[in-house]
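Q: Quick note on UniProt numbering: the sequence shown kicks off at 1 and runs consecutively.
We put the beta carbon where it would ideally sit given N, CA and C, even for glycine.
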Amino acid sequence: MRENITEAQEKIRDIFGGSLHLFYILDEAQAAATSLSSAFSTDGHLHPILPLIIRTWRAHTADNFRVSMVVSGVEIPQSIFDHDANSSSRRRWSSDTGAFDEPAQRRYIERFLPPSIAESQTGERLITRAWNWLRGRHRFTSAFVTLLLLNGFLPADAILDDYCNNFSRIPPSDSDTDMYWIESTLKVTASKLRKFDFSMLKKNRSMKDTIQDVLFHYLVTNERPKPLGPESIGLVSEGLGRFCDTKLQEVLVDEPLILAGAANWLLGRSESGHDGGSYHSALLRDTPPDRKTLAKCVAYYLGNTFDQTRRLCDIFTFPGSCPKWAKQNARLAAIHSTGAGMTVSSPETFPTLATITDSMADTISWLQHREPTPFCILSSKSSPDLIFVLKMADGTFVWVFLRAAVSADKLLKESDVKDILLKLQDDNLFCDEDDERLRTSAKDALKGLPNLSSRLGPFGVLRVVASFPAHPQIGRLPLKTTRHAASLNMRLFKRVNESIRAVDMVNNMASAVAGLSPSKRKADVDENDRRKKRRIAPPSTPAPRPPGVRTRSQKRA
């Protein structure tokens, strides 16, 4: 065998010259590292076969050759090479597998397009849509280009629609082509390609929880989430995420095709395996994993619910009888402080629903109205989870501090409700922050809200408990405990979410991750007419953006 390899190398050198640098590629090497983890024995110990394969090829390589071996795989334990001290100085680990940015993807696609298409409006729209849906790892774009070539480039948009639909099991939300027409028209459809299997989410709760949180993150922020740590490498192994650094430490879950398909698998399926059902039934089936994800879910719900003027006591349930002031109509308000003063935006003008803060300084910035979003979602473990401002009919403003709780019980435990309300009391606001100056700045920002309501204490804070699927039932507690407090009206929450088809919510999520649409969608459920239920309309087709113009989310990505 060694003689044959040497002879082949000599022939290669004769053809290409003596300065040739050979690369040997060993792909899917994790199989040799994990599946064959005890394949051979040395020194009385069992070892994986992968190091032996590498040493064998090195031994069979002529000394006068420049040879590098690229070992490619996911979750290859570095520890299996610890005993090989001779190769440690020559070995380099890297997770920099690459992904397209917008200019690079554009150049790649334009290399293959005929000038008649590349220089046309059709070509520009195609390249724009390809960035929206195929950004991320190179494989998505290269598979699409393969289909373009096999179909002779036309109809280009239909080829993209077919590829996206085959991958994620749902047509792209900006498609205006009938999928049945596409399947009967294309010479080669994407059905020839291997379908991505999302069923691993059913087996791995941690991965499912992560994907669910990322989807709600996009829905309320229209922005790419921050990278996850090395503990999330399993997402890379399953093809759900990608490394975004060179040291196997940062994992991104941000690719539209993957997330659209995952949204369809999570929300669009029913127990019978067929698409259907309401968004609420999907939430019951796959409950938000923790209170931070639930807070994003609630922010999206409230953004929809306050798209029309409603009485505060319809949105929230107050203990005992509803206070007179809470019978007023209320509207969600996004307050933005600029050099020219403060502006108050109505729900219809919100480009983005929420700002997610990672520090007390970030939260204070939002409290001081430097971010023009109606919701602040605190990512730290401190209370509350969600902060927003309501403008009452009498012109006063109210802070709402909401704490979420995920519980499978029918009713949230009284002790849990009491603990939540205690943490949201005026004396305990921001008590988890060690820096007293930051606590003072935050409270000063609360009191600095113009025309602050005087009915809710010095800071004008209404404390709210939101639990799912359990009901909080704060009326069980003494009135002293529930002063200036309420719970989210879960009956209205259910009715609003039952009015939304799960498949429409999938479209909304897919549009958000593709950067195509605002995060809000209208849900019209009249509190006084329980029979009135109207579906959220699917996203409309956006106008193509001019070259070089990006969405707000792409600028920050």
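Near serine 191, what residues of its chain come up, given a Cβ to Cβ distance below 7 Å and the 5 sequence neighbours on each side ignored?
A: Excluding residues within five positions, the ones whose Cβ falls inside 7 Å are Asn166.
Q: Please report the distance separating the alpha-carbon of phenylalanine 430 from that of valine 461.
A: Straight-line Cα distance between these residues: approximately 13 Å.
Q: Can the beta-carbon of alanine 512 be found closer than 9 Å to that of asparagine 222?
A: Yes, the pair counts as a contact, with Cβ atoms nearer than the cut-off.
Q: Grouping DSSP H, G and I as helix and E and B as strand, with all else coil, what is threonine 355?
A: In this structure, threonine 355 counts as strand in the three-state DSSP scheme.
Q: Roughly how many whole angstroms lie between the Cα atoms of aspartate 307 and lysine 296?
A: Looking at the two C-alpha atoms, the distance is approximately 17 Å.
Q: Tell me whether the beta-carbon of threonine 349 lies closer than 9 Å to the beta-carbon of alanine 334.
A: Yes; because the gap between Cβ atoms is below 9 Å, this pair is in contact.
Q: Return the chain-ordered ranges of every beta strand (DSSP E) run that is complete within the stretch 414–502 and spans a minimum of 3 residues.
A: List check, beta strand (DSSP E) in window: 461–471 and 485–488.
Q: Looking at the secondary structure, which residues open and close the alpha helix (DSSP H) in which alanine 404 lies?
A: First-last for alanine 404: 397–411, but that is the beta strand (DSSP E), not the alpha helix (DSSP H).
Q: Measure the Cβ-Cβ separation of leucine 446 and phenylalanine 459 and say whether it is below 9 Å.
A: Contact flag set, yes.
Q: Could you say which of Met342, Asp434 and Leu332 lies nearest to valine 398 if we only look at CA atoms?
A: When each option's Cα is compared against that of valine 398, the closest is Leu332.
Q: Which whole-angstrom value is the C-beta distance of residue 571 and alanine 29, which I expect to be below 8 Å?
A: A question about residue 571 goes unanswered here, because the residues of the chain that appear run from 1 up to 557.
Q: Is arginine 530 helix, strand or coil when you go by DSSP?
A: In this predicted model, arginine 530 has a pLDDT of only 34, less than 50, meaning its place in the structure is not dependable; the value taken from the coordinates is given anyway. Coil, per DSSP.
Q: Would you kindly check if the distance between the Cβ of isoleucine 12 and the Cβ of leucine 22 is under 9 Å?
A: For leucine 22 and isoleucine 12, yes; Cβs fall inside 9 Å.
Q: Classify leucine 252 as helix, strand or coil using the three-state DSSP reduction.
A: Reduced to three states, the DSSP call for leucine 252 is strand.
Q: In the DSSP assignment, find the unbroken alpha helix (DSSP H) run with glycine 123 in it and report its ends.
A: Here the alpha helix (DSSP H) through glycine 123 covers 121–134.
Q: Rounded to the nearest angstrom, what separates histidine 280 and arginine 370 at their Cα positions?
A: Using only the alpha carbons, I get a separation of about 34 Å.
Q: I'd like the ranges of any beta strand (DSSP E) spanning at least 3 consecutive residues and lying wholly in the stretch 34–75.
A: As far as the stretch 34–75 is concerned, its whole beta strand (DSSP E) runs of at least 3 residues are 40–42, 45–47 and 66–71.
Q: Take methionine 360 and list the residues in its own chain whose beta-carbon comes closer than 6 Å to its own, dropping the five residues that flank it on each side.
A: For methionine 360, where only same-chain residues beyond five positions count, the Cβ hits under 6 Å are Glu433 and Leu438.
Q: Let me make sure I understand the geometry here. Which of Leu193, Arg310, Thr210 and Arg194 has the alpha-carbon closest to that of leucine 201?
A: Checked all of Leu193, Arg310, Thr210 and Arg194; the closest Cα to leucine 201 is Thr210.
Q: If contacts are defined as beta-carbon pairs under 8 Å, then aspartate 286 and leucine 266 qualify, I think. What distance do you get, rounded to the angstrom?
A: About 5 Å separates the two Cβ atoms, so the contact holds.
Q: Based on the DSSP secondary-structure assignment, which residues constitute the bridge partners of methionine 342?
A: Its beta-bridge partners are Ser337.
Q: Using C-beta distances below 8 Å, list every residue in its chain close to phenylalanine 375, excluding the 5 sequence neighbours before and after it, in chain order.
A: So the qualifying residues of the chain are Val220, Ala299, Leu302, Gly303, Leu353, Ala354, Thr355, Leu386, Ile387 and Phe388.
Q: Whole-angstrom Cβ separation of serine 379 and aspartate 358, contact assumed at under 8 Å?
A: Right, the Cβ-Cβ distance comes to about 5 Å (below 8 Å), so this counts as a contact.
Q: Measuring CB atoms only, is the stretch 134–141 touching the stretch 114–123, in the sense that at least three cross pairs come out at less than 8 Å?
A: No, because fewer than three Cβ pairs between the stretch 134–141 and the stretch 114–123 fall closer than 8 Å, the two stretches do not touch.
Q: Hey, which unbroken runs of the alpha helix (DSSP H) at 4 residues or more fall wholly within the stretch 264–307?
A: DSSP runs (the alpha helix (DSSP H)) wholly in the stretch 264–307: 279–285 and 291–305.
Q: Secondary structure at asparagine 507, three-state DSSP: helix, strand or coil?
A: Three-state result, asparagine 507: helix.
Q: Applying the criterion that 16 or more other CB atoms from any shown protein chain within 10 Å of the CB defines a buried residue, is arginine 66 buried or exposed?
A: Label assigned to arginine 66: exposed.
Q: Report the three-state DSSP secondary structure of lysine 226 (helix, strand or coil).
A: It is coil, neither helix nor strand.
Q: Give me whichever residues DSSP pairs with methionine 360 in a beta bridge.
A: Per DSSP, none; premise fails for methionine 360.
Q: Can you say whether residue 558 is buried or exposed, counting buried as having 16 or more other CB atoms within 10 angstroms of its CB?
A: This structure gives no information on residue 558, because the portion of the chain shown stretches from 1 to 557.
Q: Which residue wins for smallest C-alpha separation from leucine 421, given the options Ala486, Arg491, Arg455 and Pro372?
A: When only C-alpha atoms are compared, the closest one is Ala486.
Q: Could you check where the alpha helix (DSSP H) with histidine 369 kicks off and where it finishes?
A: Note, histidine 369: premise wrong, no alpha helix (DSSP H); not H, not E.
Q: Expressed to the nearest angstrom, what Euclidean distance is found between the alpha-carbon atoms of threonine 396 and leucine 452?
A: One C-alpha to the other measures close to 6 Å.
Q: Can the beta-carbon of asparagine 507 be found closer than 9 Å to that of serine 237?
A: No, the Cβ-Cβ distance between asparagine 507 and serine 237 is not below 9 Å.
Q: From threonine 6 to histidine 60, what does the alpha carbon distance come to, in whole angstroms?
A: Their Cα atoms are separated by approximately 7 Å.
Q: Buried or exposed for alanine 404, going by 16 or more other Cβ atoms inside 10 Å?
A: Buried is the call here.
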